[in-house]
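Chemist: Heads up, the sequence shown is in the working numbering, so the first residue is 33 and it goes up one at a time.
Virtual Cβ for every residue (Gly too), placed ideally from N, Cα, C.
Since the model is a prediction, treat every value here as computed from it, not as a measurement.
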Amino acid sequence: MREFTLSSRYLLFPVRTGAPKSRLSLWVDGRAVREFDLELAAADPEFEVFLDVLDFAGKRTELRSADGSDPGLAAVRQADALPDAAPYGESLRPQFHFTSRRGWLNDPNGLVYADGLWHLYYQHNPYGWNWGNMHWGHAVSEDLVCWRELGIALYPQAYGDWAYSGSGFVLPDGRLGIAYTSTGRGECVAFSDDGGRSFAEIPENPVLRHRGRDPKVFWHEPTGHWVMAVYDEFEDQRWIAIHTSPDLRAWTFASRIGGFYECPELFPIADDAGRERWILYGADGEYLVGGFDGREFRPESGKQRLWFGEFYASQTYTNAPDGRRVQIGWGRGIVFPGMPFNQQMGIACELTLVDGRLRAQPVPELARLRGPYRNWRAGERPDGVIAELVEVTTTLSVPAGARGGLMVRGVPVVWNRIDGTIEVADGVFPLALDAAELDLRILVDRGSVEVFAADGRLAVAKAVRPDFANRQLAGVGEARFGETFAYELGSIW
Ligand code: FRU
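#1: For the beta strand (DSSP E) holding residue 179, just list the boundary residues, first then last.
#2: Taking C-alpha atoms, which residue in 76, 37, 33 and 44 lies nearest to residue 57?
#3: Taking residue 193 as the reference, give the member of 209, 238 and 247 with the closest Cα.
#4: For residue 515, collect the residues of the same chain with a Cβ closer than 8 Å to its Cβ; drop the 5 residues on either side in sequence, then sort them by chain order.
#5: Could you check if residue 450 is buried or exposed, using at least 16 other CB atoms within 10 Å of its CB as the buried criterion?
#6: Judging by CA-CA distance, which residue of 254, 230 and 314 is the nearest neighbour of residue 271?
#7: May I ask you to report which of helix, strand or coil DSSP gives residue 209?
#8: What do you get for residue 39, buried or exposed, if any count of 16 or more other CB atoms within 10 angstroms of its CB means buried?
#9: Taking the continuous beta strand (DSSP E) assigned at residue 274, which residues delimit it?
#10: Following the continuous beta strand (DSSP E) through residue 469, name the residue where it begins and the one where it ends.
#11: Which residue from 89, 231, 385 and 206 puts its Cα closest to that of residue 333?
#12: DSSP puts residue 331 in a beta bridge; with which residues?
#13: Residue 199 and residue 9 - do their beta-carbons sit closer together than 8 Å?
#14: To the nearest whole angstrom, what separates the beta carbons of residue 463 and residue 485, a pair I think is in contact under 8 Å?
#15: Is residue 128 near residue 480, with beta carbons less than 8 Å apart?
#16: According to DSSP, is residue 56 part of a helix, a strand, or is it coil?
#17: From residue 487 to residue 471, what does the alpha carbon distance come to, in whole angstroms?
#18: How about residue 236 and residue 281: do their beta carbons lie closer than 8 Å?
#19: Could you say if the segment 287–295 and the segment 208–224 meet the contact criterion of at least three C-beta pairs nearer than 8 Å?
#20: Less than 7 Å separating the Cβ of residue 294 from some heavy atom of ligand 1?
#21: Quick one: what does DSSP say residue 88 is sitting in, helix, strand or coil?
#22: Taking residue 138 and residue 345 to be in contact with their CB atoms under 8 Å, please state how far apart those CB atoms are, rounded to whole angstroms.
#23: Buried or exposed: which applies to residue 417, given that a residue is buried once 16 or more other Cβ atoms fall within 10 Å of its Cβ?
#24: Mind checking residue 93: buried by the 16 CB within 10 Å criterion, or exposed?
#25: Can you tell me which of the three DSSP states residue 104 falls into?
#26: Does any CB atom of chain B fall closer than 8 Å to the CB of residue 93?
#27: Buried or exposed: residue 466, going by 16 or more other Cβ atoms within 10 Å of its Cβ?
#28: Buried or exposed: where does residue 224 fall if 16 or more other Cβ atoms within 10 Å of its Cβ makes it buried?
#29: Would you check whether ligand 1 has a heavy atom nearer than 7 Å to the C-beta of residue 199?
#30: Kindly indicate which three-state DSSP category residue 355 falls into: helix, strand or coil?
#31: Would the beta-carbon of residue 196 be found less than 7 Å away from any heavy atom of ligand 1?
Below you can see the structure in the form of structure tokens.
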């Protein structure tokens, strides 16, 4: 145990991934105000993580380790600034994907647009490189491209009562609200009085107790009630349950639909005839198109798939302007060894519904990152030196029964018309396309390559770390090329 006065903004903890976990607690006024697991490095730390203690400024505190004798405690220090000389400047730091400055992230949470800001909350372990200690991290953007990380928006109420995934919405009075799973209590609702930086629980919490998690809550205008689509393990099966509420406090069960696992998403989208359809999916993104009357989802299609690769637990924005349907997924498995952070969010995408199927394209705002470019005329083979961070667009013609495409900084992106697939790095993804031409959009960052093909009919996120020194673009196989562009992309940080 260490006792001292909190005289600075932050407590910095030295971490070494793989060190034994200490259960640490910070005591103020006789109670544990923060408690979490941390791989505390008594010596030879890999990096420091931080805890914002502004709320307790000037207070006496006790820092305790559950096992009573942690030699690492002596190395915890106070500081008014974060330790990075160049924030977000590490060698493997993605330059146009959101990552948190420190620690682990997984599911995007609470995606909501309000007052000119796109809020991105996320499952977050602020104190380590691996999953654990689930908090809600928070970042905001004015353009879905550049993100500004704010402080923790939701702390667990107690050790072991973790703040799992959930959703965000705008209340009738304009404040932001969230619904999330407290692992110790059930589905909970909380409101913000400070523009989404922090949330206060409503007294009725938990508003729902069941076996399940990950509430998606939105206002359903036609019926004038709130809807919650939530993952539900009723009778040991996997369902999405629908509940309704007049006031977010009292909820009534309405229906359930089987065959979906965690992180449900349910939203309306206009089809190509301008007719409103509804999309339902779980964490793997396999979706149904159907109708929704405010209580029950009625499928009008079989399950279909848009995304492949490292893409999980995606959400779409509630309250987005101009009828936009913007989606962000977690790039699950995009790892950053040796870095003080781990995992990234996918690029923000705009969804459309065409011929009964979803399509995804990076939001048009992404074009703001484009800098100098090289291009090759239609019919030319695009061979040459390109930038490290790059967006490549082209159209391929590949004869039936052949394969061809591009090598982008050593990463193959190939249309295989023998098997009807697209190959991206070491991944192979189905593309049933009855056409001799294929348009491609390829985004290359430090930890991933994303590919949008056939007007967004197929979207792939692949974990791959292109060799930093390799700046080569080259045509491969039996492809002919339409006009090709390679844009250098700027950094969002
Ligand atoms: C999906 C998930 C959610 C859960 C969260 C916990 O990745 O398992 O079901 O709420 O992650 O971090």
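Modeler: In short:
#1: Translated into the one-based positions of the sequence shown, residue 179 becomes position 147. Looking at the DSSP string, residue 179 is not in any beta strand (DSSP E), and its letter there is neither H nor E.
#2: Counting from 1 along the sequence shown, the entry for residue 57 is found at position 25. Checking every option, the nearest Cα to that of residue 57 belongs to 33.
#3: Residue numbering aside, residue 193 sits at position 161 when the sequence shown is read from its first letter. Taking only the C-alpha atoms, the option nearest residue 193 is 238.
#4: Your numbering for residue 515 matches position 483 in the sequence shown. For residue 515, where only same-chain residues beyond five positions count, the Cβ hits under 8 Å are 407, 408, 409, 410, 426 and 427.
#5: Locating residue 450 in the sequence shown gives position 418, counting from the first residue. By the 10 Å Cβ count, residue 450 comes out exposed.
#6: Here residue 271 corresponds to residue number 239 of the sequence shown, with the count starting at 1. Ranking the options by Cα distance to residue 271, first place goes to 314.
#7: Translated into the one-based positions of the sequence shown, residue 209 becomes position 177. Residue state, collapsed to three classes: strand.
#8: Residue mapping note: residue 39 aligns to position 7 of the sequence shown, counting from 1. That one is exposed.
#9: Counted from its first residue, the sequence shown places residue 274 at position 242. 271–277 is the span of the beta strand (DSSP E), which, as asked, contains residue 274.
#10: Taking the first residue of the sequence shown as 1, we reach residue 469 at position 437. Judged by DSSP secondary structure, residue 469 falls within the beta strand (DSSP E) whose first and last residues are 469–476.
#11: Residue mapping note: residue 333 aligns to position 301 of the sequence shown, counting from 1. Comparing C-alpha distances from residue 333 to each of 89, 231, 385 and 206 shows the shortest one belongs to 385.
#12: Residue numbering aside, residue 331 sits at position 299 when the sequence shown is read from its first letter. Residue 331 is bridged to 322.
#13: With the chain running from 33 to 525 in the structure shown, residue 9 is simply not present.
#14: To locate residue 463, count along the sequence shown from 1; it is residue 431. To locate residue 485, count along the sequence shown from 1; it is residue 453. Sure, about 6 Å apart at Cβ, within 8 Å.
#15: In the sequence shown, the residue the question calls residue 128 occupies position 96. In the sequence shown, the residue the question calls residue 480 occupies position 448. Not a contact, by the Cβ cut-off of 8 Å.
#16: As a first step, residue 56 must be located in the sequence shown, where it is residue number 24. Strand, per DSSP.
#17: Translated into positions along the sequence shown, residue 487 becomes position 455. Translated into positions along the sequence shown, residue 471 becomes position 439. Approximately 7 Å between the Cα atoms of the pair.
#18: For the purposes of this step, residue 236 is identified with residue 204 of the sequence shown, where counting begins at 1. For the purposes of this step, residue 281 is identified with residue 249 of the sequence shown, where counting begins at 1. Going by C-beta atoms, residue 236 is nearer than 8 Å to residue 281.
#19: no
#20: Counting from 1 along the sequence shown, the entry for residue 294 is found at position 262. For ligand 1, at least one heavy atom lies less than 7 Å from the Cβ of residue 294.
#21: On the sequence shown, residue 88 is found 56 positions in, with the first residue counted as 1. Helix, per DSSP.
#22: Position 106 of the sequence shown holds residue 138. Position 313 of the sequence shown holds residue 345. About 7 Å separates the two Cβ atoms, so the contact holds.
#23: Reading the sequence shown from its first residue, position 385 is the one you call residue 417. Result: exposed.
#24: Here the question's residue 93 lines up with position 61 in the sequence shown. Burial call: buried.
#25: Translated into the one-based positions of the sequence shown, residue 104 becomes position 72. Of the three classes helix, strand and coil, the one that applies to residue 104 here is helix, per DSSP.
#26: Looking at the structure shown, chain B is missing, and only one protein chain is on hand.
#27: To locate residue 466, count along the sequence shown from 1; it is residue 434. When all chains shown are included, residue 466 counts as exposed.
#28: Here residue 224 corresponds to residue number 192 of the sequence shown, with the count starting at 1. Residue 224 should be labelled buried.
#29: Within the sequence shown, numbered from 1, the residue matching residue 199 stands at position 167. No, the Cβ of residue 199 stays beyond 7 Å of every heavy atom of ligand 1.
#30: Here residue 355 is taken as the residue at index 323 of the sequence shown, counted from 1. Here residue 355 sits in helix by DSSP.
#31: Along the sequence shown, one-based indexing puts residue 196 at 164. Flag set: Cβ of residue 196 near ligand 1.
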